[in-house]
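Participant: Have a look at the structure that comes next, please.
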Amino acid sequence: MTRQNNAGGQDVKEGYDSVVSIEIHVQLNTASKLFCRCEAAYGEEPNSRVCPVCLGLPGSLPVLNEKAVEMAVRTALALDCTIHERSAFDRKNYFYPDLPKSYQIMQHYLPIATGGRLEIETRDGQMVVKIERVHIEEDAGKTVYLDETGETLIDFNRCGVGLLEIVTRPWVTKPAEVHAYLNAVKRLFQYIEVSDCDMEKGNLRCDTNISVMPHGSTKWGTRTEVKNLNSFRAVRRALEYERNRQIRVIESGARVVLETMLWDDARGETLPQRSKEEAHDYRYFPEPDLPPLTVSPELIDRTRSEMPELPAARRQRFMEQYHLPTSDADVLTAEKALADFFEETLKHHDKPKTVSNWVMGEVLREMNERSQTADSLGLKPQHLAELVKLVESGTITGTTAKKVLSAVLDTGKTPSLIVEEEALAQSFDEGQLRTWVQQAIAENPRAVQDYKNGKKTAAQFIVGQAMKKSRGQANPRIVLGLVEQLLSSL
């Protein structure tokens, strides 16, 4: 049996399972870097947030950021990991232009936490992804390539920023399940306020390892590591492509090589970077300038007591407390900021399903069109509640309410003020409504004839035309009655 390879453009045979593991690097929301007091800020002038410590100058010594440790503990608890009382830092030695020390401080041999699990929702139901380890490490700088001049620039601002790496155990999976896992991890980190997880800013990065084996086999194939994945969509496409590439290699009689691949998003294919057999030795050894890290039981207990409500629990609560369907709860809790906005709105108008419909409909539409989040959109919960009340009271129509919402976002004014200033209140004046209906009938003779020929839906078309003439201010129920009355008399 064959299927079309959407990523590679060739047909490949079915009958293979994919074995995948994911390495996620999350940039921590600490005010300063991991081992120095430099500001961990994004978008600042290049090389303006550096010091002797993060540049690795002689005589400088690292001092561990306590907040980073607390965030690591919070993450480990959220992932149901075993937190180790004693962990340690090591040096990973390699040369790269944006790594000024020529080594990276990280936890290699003794990570802060191991084991763990994360439940995710997939099309086939709920499944558990097992976590191998969680460890703390520092980030490298950023290399910028200028195609127009051929120059290579280095920005060291990111050097030393705190990261958490979360590594899964390998599991037999599908690209769609990997996508669900990535979304679940991102949502979890936002809920526990460890990271913003903004991939455009490099807050969240991931590498994947994938191998294939014949269906039913217990022997894993040779894996490849895929890097340069800057979006969840890229992860899915890269895994699909690499899976099918490995199958083609196997079925051609050749051997899959253990190597690191780079994903070329523009070309939609993986390209070899280096052979794992040829990869240099990182020469890990204990970091001599940092003592072992001790996590006390008191810190774990305090962090556990301060843990916020996690996504799965909030989703379940939304269904039980607010009697929302699963689909609503899924959408509303997908982002912490959106769930917060929903609950804040309910404090001003306690009608969960009505508010849910508005949040999932018009609010999300505005967010998408303006490329904003619930946090950055600028809509106040009390303003949405006020808008919903204006519709429910009959002051404005639903069509007008959409325009008012846009105006609220553009001006910051309250919905009531916009309705008053622009004279948008719904019209119940039957004389004016009749005029609009008569104009709509006169301008649409074909719809009138359709109605006479028994096509009753033609009346709805004329209602729509009359509503346009009223700029959405006409009461639809009264307009429909007038339309049917006038058409029946013709």
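Per the numbering used here, numbering through the sequence shown is continuous, rising by one, with the last residue being 536. By construction, the Cβ of each residue, glycine as well, lies at the ideal position given by its N, Cα and C atoms.
Should D396 be labelled buried (16 or more other beta-carbon atoms within 10 Å of its own) or exposed?
Facilitator: By 1-based counting over the sequence shown, the position of residue 396 is 350. Exposed: under 16 other Cβ atoms inside 10 Å.
Participant: Hey, quick one: how far does the alpha helix (DSSP H) through E482 stretch, first residue to last?
Facilitator: In the sequence shown, residue 482 corresponds to position 436, counting from 1. Residue identity check: residue 482 is Trp in the sequence provided, not Glu. First-last of the alpha helix (DSSP H) with W482: E476 to E489.
Participant: Tell me the start and end of each unbroken beta strand (DSSP E) in the region 95–158 that is at least 3 residues and wholly inside, in chain order.
Facilitator: 136–139 and 149–152
Participant: What is the DSSP secondary structure of R179, reduced to helix, strand or coil?
Facilitator: Along the sequence shown, one-based indexing puts residue 179 at 133. Looking at R179 - three-state DSSP - the assignment turns out to be strand.
Participant: Count the C-beta pairs between the region 498–513 and the region 524–535 that are closer than 8 Å, then say yes if the count reaches three, no if not.
Facilitator: yes
Participant: Return the residue from the list P221, L123 and S148 that minimises the CA-CA distance to P104.
Facilitator: Working through the sequence shown from its first residue, we reach residue 104 at position 58. P104 has its Cα closest to that of S148, out of P221, L123 and S148.
Participant: Apply the 10 Å Cβ neighbour rule to G187 and answer buried if 16 or more other Cβ atoms are within range, or exposed otherwise.
Facilitator: Counted from its first residue, the sequence shown places residue 187 at position 141. So G187 counts as buried.
Participant: Have a look at T363 and L392 and give me their C-alpha separation to the nearest angstrom.
Facilitator: Counting from 1 along the sequence shown, the entry for residue 363 is found at position 317. Counting from 1 along the sequence shown, the entry for residue 392 is found at position 346. One detail in the question is off: residue 363 reads as Arg in this sequence, not Thr. The alpha-carbon of R363 is positioned some 15 Å away from that of L392.
Participant: On a CA-only basis, which of V180, S133, D185 and Y62 is nearest S78? Give me that one, please.
Facilitator: Indexing the sequence shown from 1 puts residue 78 at position 32. Cα-wise, what sits closest to S78 is D185.
Participant: Using beta carbons (cut-off 8 Å, strictly below), is L308 in contact with chain B?
Facilitator: Among the chains of the structure shown, chain B does not appear; only one protein chain is present.
Participant: Counting along the chain, where does the beta strand (DSSP E) carrying S257 start and finish?
Facilitator: By 1-based counting over the sequence shown, the position of residue 257 is 211. Here the beta strand (DSSP E) through S257 covers L250 to P260.
Participant: Where do the N-terminal and C-terminal ends of the alpha helix (DSSP H) with L80 fall, by residue?
Facilitator: Locating residue 80 in the sequence shown gives position 34, where the first residue counts as 1. No alpha helix (DSSP H) holds L80; DSSP gives it neither H nor E.
Participant: Using the DSSP secondary-structure output, state which residues sit across from Q367 in a beta bridge.
Facilitator: As a first step, residue 367 is located in the sequence shown; it is residue number 321 there, counting from the start. Per DSSP, none; premise fails for Q367.
Participant: Count the other C-beta atoms from every protein chain shown that fall within 10 angstroms of the C-beta of K498, then say buried if there are 16 or more, exposed otherwise.
Facilitator: Residue numbering aside, residue 498 sits at position 452 when the sequence shown is read from its first letter. Here K498 is exposed, its C-beta having fewer than 16 other C-beta atoms within 10 Å.
Participant: Measuring CB to CB, does L209 end up less than 8 Å from Q292?
Facilitator: Residue numbering aside, residue 209 sits at position 163 when the sequence shown is read from its first letter. Residue numbering aside, residue 292 sits at position 246 when the sequence shown is read from its first letter. Not in contact: L209 and Q292 (Cβ atoms no closer than 8 Å).
Participant: In angstroms with no decimal places, state the Cα-to-Cα distance between S516 and W404.
Facilitator: In the sequence shown, counting from the first residue as 1, residue 516 sits at position 470. In the sequence shown, counting from the first residue as 1, residue 404 sits at position 358. Rounded to the nearest angstrom, the two C-alpha atoms are 23 Å apart.
Participant: If you draw a straight line from the alpha carbon of E408 to that of I200, how long is it in whole angstroms?
Facilitator: Position 362 of the sequence shown, counted from the first residue, corresponds to residue 408. Position 154 of the sequence shown, counted from the first residue, corresponds to residue 200. E408 and I200: Cα-Cα distance of roughly 43 Å.
Participant: Classify F135 as buried or exposed, calling it buried when 16 or more other Cβ atoms lie within 10 Å of its own Cβ.
Facilitator: The residue you call residue 135 lines up with position 89 of the sequence shown. Counting Cβ neighbours within 10 Å, F135 comes out buried, since at least 16 surround it.
Participant: Just to confirm, is the Cβ distance from N111 to V240 under 8 Å?
Facilitator: Here residue 111 corresponds to residue number 65 of the sequence shown, with the count starting at 1. Here residue 240 corresponds to residue number 194 of the sequence shown, with the count starting at 1. Their beta carbons are not under 8 Å apart, which means N111 does not touch V240 by this criterion.
Participant: Less than 8 Å between the beta carbons of I158 and H130, yes or no?
Facilitator: Position 112 of the sequence shown, counted from the start, is the residue given in the question as residue 158. Position 84 of the sequence shown, counted from the start, is the residue given in the question as residue 130. The answer is yes: Cβ separation under 8 Å.
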